[in-house]
Amino acid sequence: EEQLKMEKTTYIVHMAKSQMPATFDEHAHWYASSLESVSDSAEMLYTYDNVIHGFSTRLTDQEAKSLEGLPGILAILPQVRYELH
Amino acid sequence: TTRTPLFLGLDRNDGFIPQSDSTGEMIVGVLDTGAWPESQSFDDKGLGAVPSNWKGQCEVGKNFNFSSCNRKLIGARFFSKGYEATLGPIDETKESKSPRDDDGHGTHTSTTAAGSVVEGASLFGYAAGAARGMAARARVATYKVCWLGGCFSADILAGMDKAIEDGVNVISMSLGGGMTDYYRDSLAIGAFSAMERGILVSCSAGNAGPSSFSLSNVAPWITTVGAGTLDRDFPAYVTLGNGKNFSGVSLYSGKPLSDSLLPLIYAGNASNFSNGNLCMKGTLIPSKVAGKIVLCDRGVNARVQKGTVVKEAGGVGMILANTEANGEELVADAHLLPASAVGQSDGDIIKRYLSSDANPTATITFAGTKVGIQPSPVVAAFSSRGPNSITPDILKPDVIAPGVNILAGWTGAAGPTGLAVDTRRVGFNIISGTSMSCPHVSGLAAMIKAVHPDWSPAAVRSALMTTAYNTYKTGAMIQDIATGKASTPFDHGSGHVDPVSALDPGLVYDLAVEDYIGFLCALNYSQVQFTLLARRNFTCDPSKKYSVTDLNYPSFAVPFETAIEGGGASASATSVVKHTRTLTNVGSPATYKVSVSSETRSVKIAVQPESLTFSSPNEKKTYTVTFTTPSMPSGTTSFARLEWSDGKHIVGSPIAFTWT
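Sequences listed follow chains X and B, in order. Those letters in the first sequence? Residues 1 to 85, per our numbering, in order. Those letters in the second sequence? Residues 86 to 745, per our numbering, in order.
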């Protein structure tokens, strides 16, 4: 059970850019700060500028739930696998 | 590709399309397995400087340097963080952590879209000719987002993010996932952002046909491409001991079988496994197949792998028989042993011979490449089919394009079968899928955009859709090879692309970002869903009536709901659905008149007004179509067609009715 709790999943985190606190100059810093507040170890895989406002990262279930509760978080969607046609 | 330029009529306009300098300004971004930069199709001879607005890069990685890019392959990036986060570090003994294509798929799709002209291309002599991409002078930027274990959404989003930033004009994606709502689908989300910036996104419809509701990539801001055949075949004749001959297909190129007949066995009778008929790995008994030709049924494992299984068990040849899932569709493969793929009906006859003759025998002879095969195109059995399961009111696929037995550039890191045991290396390969039809449309879109740089992605798609054809010269409807019968708009969408006509469509159904926003309002998108998909806060105007039927789409899907009265379907209840469309004049001043043809009398179709006069360029005129029908049994479908014509242009739209 402990192991399952620690297992990480890749998520795409969608942020509401308009809700960025004024204390941040750049949205990338806000994303990083939000992530750091729920996880000591999670690294940002990508920050997205054009297709979405947000980033991708690896989180445990608990970390994902904590992140979900933060202001400015729109949705945390698990990564999906696509196939070549 | 060879043959497809001719098949699409591009040779007729060779004078101005491929030579036009403006096509050299177009950049096609391909999200796939990367590129093999040494492919002759990436030769940049004759191309001018890289477009000045280009911001892309040639990323350096394993076996890939700055010098791997040139004036044809102007950008190459790779995205593996999402993949590695999920499946662990990339095994660099198996694939390059760089834009280099070790698989072949990405080189095939990117060279199909915009490869340079290569004289004398072929696969072992098959499909020989001058190979070229559809937009042969356009530039290619490759974004490697697919790896041995698949393509992950974190990487796809990153690839699209960069492609948009780099400045591509067209994005080509021959990949797809499950059916999910647009705001949860990374491809749809990324494509929305691309569309906003004037980038046309062309995606494969999927290979899950011929089942209904099997489409991927159905968002209305995506151009969804199904697959059809060419007029080319690669015959491989099967002769049985009873003297009967059957015509199959093959790209086998090794030592031919002897002229004498060889023992023939059904794989199901050479195995102790219940699925032995499929020639899965380790299921054939070597003592039963040694020295024999083995008949395997198509399905489950890769077609080329079946040949390897037969060969490894000691078989000398293979007949690959279609089952009901594929019908008469013949897909040619570069098998490692003499093999021929035959249709279901021929396969059934051969199986009956096998069970009725005590000593069945056969041989296979190979006849090279045949062109002029008719009818063509036919809809490929594998091509995914509508109706659209996410938004039934939007007809998908949009068009079909060549996707069966397509020759294009290939990787030097894998053989033509892609099997590890295949040590052959080829510059070009012949493969099939909606992956192959998608980049045809991507390249054609780049070509149209080059000629009409002011057209929006929706206008380019409209031109391709309204000029597509759905009948042969005889007037008969394009066939569906899965059934052998006429295909429907759920199979071919608006029809088969006709790029020469698409350059001069007369009128277009244009769409801007706000139209798609209105569409999302019609879907009752919440504020959060809006922001997820379109990255903006938007509140739909509560005083405005939004309707999906008002989206200015170049085709019509009309789902009627069976009226329920008193707990049961009422035979007398009537449904009325109204669609509104706006046409933009992109030709000369003209008066267009409408005509409607329908295969059913059950639906009354009224167009208002019946005539539209355009006196200036970019003038817009609106019309409404009202569909009125009595209640019909649930599951009923029917089709019609609406055409506007000024005597010179025909602006055609398919109509699909469903009763649920």
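Glycine residues also receive a C-beta, built at the ideal position from the N, C-alpha and C atoms.
Return the CA-CA distance between residue i and residue j, expressed in angstroms with no decimal places.
{"i": "Phe331/B", "j": "Tyr322/B", "result": "6 Å"}
{"i": "Tyr564/B", "j": "Phe467/B", "result": "The sequence given here has Gln at residue 564/B, not Tyr. About 14 Å."}
{"i": "Val253/B", "j": "Met403/B", "result": "45 Å"}
{"i": "Leu415/B", "j": "Leu93/B", "result": "21 Å"}
{"i": "Ser440/B", "j": "Ser356/B", "result": "15 Å"}
{"i": "Ile515/B", "j": "Thr713/B", "result": "47 Å"}
{"i": "Pro717/B", "j": "Met280/B", "result": "Note that residue 717/B is Met in the sequence shown, not Pro. Each residue's Cα considered, the two are about 38 Å apart."}
{"i": "Cys231/B", "j": "Val255/B", "result": "19 Å"}
{"i": "Ala134/B", "j": "Ser66/X", "result": "51 Å"}
{"i": "Glu175/B", "j": "Leu233/B", "result": "First, the residue type needs correcting, since residue 175/B is Ile and not Glu in the sequence shown. Between Ile175/B and Leu233/B, the C-alpha separation is close to 9 Å."}
{"i": "Phe149/B", "j": "Ile435/B", "result": "50 Å"}
{"i": "Leu325/B", "j": "Leu346/B", "result": "8 Å"}
{"i": "Thr685/B", "j": "His577/B", "result": "19 Å"}
{"i": "Glu110/B", "j": "Arg222/B", "result": "8 Å"}
{"i": "Ser137/B", "j": "Ile159/B", "result": "12 Å"}
{"i": "His85/X", "j": "Asp25/X", "result": "42 Å"}
{"i": "Trp744/B", "j": "Tyr638/B", "result": "21 Å"}
{"i": "Ala561/B", "j": "Ala465/B", "result": "17 Å"}
{"i": "Val633/B", "j": "Glu646/B", "result": "15 Å"}
{"i": "Asn411/B", "j": "Pro341/B", "result": "27 Å"}
Which residues in the same chain as residue i place their Cβ atom closer than 7 Å to its Cβ, once the five residues preceding and following it in sequence are excluded?
{"i": "Lys157/B", "result": "Phe127, Asp128, Asp129, Leu132, Ser201, Arg224, Val225"}
{"i": "Ile740/B", "result": "Phe641, Val643, Phe724, Ala725, Arg726, Leu727"}
{"i": "Asp731/B", "result": "Gly591, Ala675, Thr676, Tyr677"}
{"i": "Phe172/B", "result": "Before going further, note that residue 172/B is Leu rather than Phe in the sequence given. Counting only Cβ-Cβ distances below 7 Å, and skipping sequence neighbours, we find Gly234."}
{"i": "Gln125/B", "result": "Val203, Gly512"}
{"i": "Glu169/B", "result": "Ile175"}
{"i": "Leu74/X", "result": "His14, Met15, Ala16"}
Below 8 Å on the Cβ atoms is my contact criterion, and I expect residue i with residue j to pass it. Report the Cβ-Cβ distance as a whole number of Å.
{"i": "Asp117/B", "j": "Thr194/B", "result": "5 Å"}
{"i": "Ala293/B", "j": "Ser299/B", "result": "4 Å"}
{"i": "Gly580/B", "j": "Val484/B", "result": "7 Å"}
{"i": "Ile458/B", "j": "Asp316/B", "result": "5 Å"}
{"i": "Val671/B", "j": "Ser107/B", "result": "Not confirmed; about 17 Å, so no contact."}
{"i": "Leu549/B", "j": "Val526/B", "result": "7 Å"}
{"i": "Val310/B", "j": "Ser289/B", "result": "6 Å"}
{"i": "Lys229/B", "j": "Phe164/B", "result": "7 Å"}
Determine which residues share a DSSP beta bridge with residue i and list them.
{"i": "Val661/B", "result": "Thr713/B"}
{"i": "Cys288/B", "result": "Met258/B, Thr309/B"}
{"i": "Pro574/B", "result": "None; Pro574/B has no bridge partner."}
{"i": "Thr47/X", "result": "Phe55/X"}
{"i": "Pro739/B", "result": "Arg726/B"}
{"i": "Trp232/B", "result": "Gly235/B"}
{"i": "Gln83/X", "result": "Checking the sequence, you will find Glu at residue 83/X rather than Gln. According to DSSP, which records beta bridges pairwise, Glu83/X is partnered with Gly261/B."}
{"i": "Asp318/B", "result": "Lys455/B"}
{"i": "Val334/B", "result": "Pro320/B, Ala426/B"}
{"i": "Gly494/B", "result": "Phe513/B"}
{"i": "Ile404/B", "result": "Leu380/B, Ser425/B"}
{"i": "Asn670/B", "result": "Leu592/B"}
{"i": "Ile370/B", "result": "In the DSSP output, where bridge partners are listed per residue, Ile370/B has none listed."}
Using alpha carbons as the reference points, say which of the options lies closest to residue i.
{"i": "Pro295/B", "options": "Gly569/B, Val643/B, Lys705/B", "result": "Gly569/B"}
{"i": "Lys377/B", "options": "Ser343/B, Ser683/B, Trp121/B", "result": "Ser343/B"}
{"i": "Ser572/B", "options": "Arg686/B, Ser701/B, Ser723/B, Gln693/B", "result": "Ser723/B"}
{"i": "Ala212/B", "options": "Ala607/B, Asp318/B, Lys182/B", "result": "Asp318/B"}
{"i": "Arg808/B", "options": "Ala120/B, Val736/B, Asp270/B", "result": "The structure shown does not extend to residue 808/B, since chain B is modelled only from 86 to 745, so the question has no answer here."}
{"i": "His14/X", "options": "Ala28/X, Glu36/X, Gly54/X", "result": "Gly54/X"}
{"i": "Cys523/B", "options": "Met219/B, Pro445/B, Gly119/B", "result": "Met219/B"}
{"i": "Phe623/B", "options": "Tyr601/B, Gly283/B, Asp442/B, Arg509/B", "result": "Tyr601/B"}
{"i": "His420/B", "options": "Gly119/B, Asp433/B, Val401/B, Glu413/B", "result": "Val401/B"}
{"i": "Val681/B", "options": "Ser700/B, Ser738/B, Ser632/B", "result": "Ser738/B"}
{"i": "Gly283/B", "options": "Thr556/B, Ile475/B, Ile566/B, Ala544/B", "result": "Ala544/B"}
{"i": "Thr659/B", "options": "Ile458/B, Lys247/B, Thr711/B", "result": "Thr711/B"}
{"i": "Ser41/X", "options": "Leu77/X, Pro21/X, Arg81/X, Lys8/X", "result": "Lys8/X"}
{"i": "Leu285/B", "options": "Leu492/B, Met532/B, Ala607/B", "result": "Met532/B"}
{"i": "Ala206/B", "options": "Thr508/B, Val692/B, Ala493/B, Ile449/B", "result": "Ala493/B"}
{"i": "Thr308/B", "options": "Ser541/B, Thr559/B, Asn411/B, His190/B", "result": "Ser541/B"}
{"i": "Val582/B", "options": "Leu608/B, Thr552/B, Cys606/B", "result": "Thr552/B"}
{"i": "Tyr708/B", "options": "Tyr594/B, Ser701/B, Phe742/B, Pro702/B", "result": "Tyr594/B"}
{"i": "Thr197/B", "options": "Gly528/B, Asp589/B, Ala619/B", "result": "Gly528/B"}
In chain order, what residues of the same chain lie with their CB nearer than 8 Å to the CB of residue i, ignoring the 5 residues before and after it?
{"i": "Asp270/B", "result": "Gly262, Ala304"}
Given 7 Å as the limit, tell me if residue i has its C-beta closer than that to any heavy atom belonging to the ligand MG.
{"i": "Ser716/B", "result": "Ligands are entirely absent from the displayed structure, and the ligand MG is therefore not among its contents."}
Quick one: what's got a C-beta closer than 6 Å to residue i's C-beta in the same chain, skipping five residues either side?
{"i": "Ala301/B", "result": "The sequence as given places Ser at residue 301/B; Ala does not occur at that position. Excluding residues within five positions, the ones whose Cβ falls inside 6 Å are Gly261, Gly291."}
{"i": "Ala273/B", "result": "Tyr267, Ala304"}
{"i": "Val38/X", "result": "Glu63, Ser66, Leu67"}
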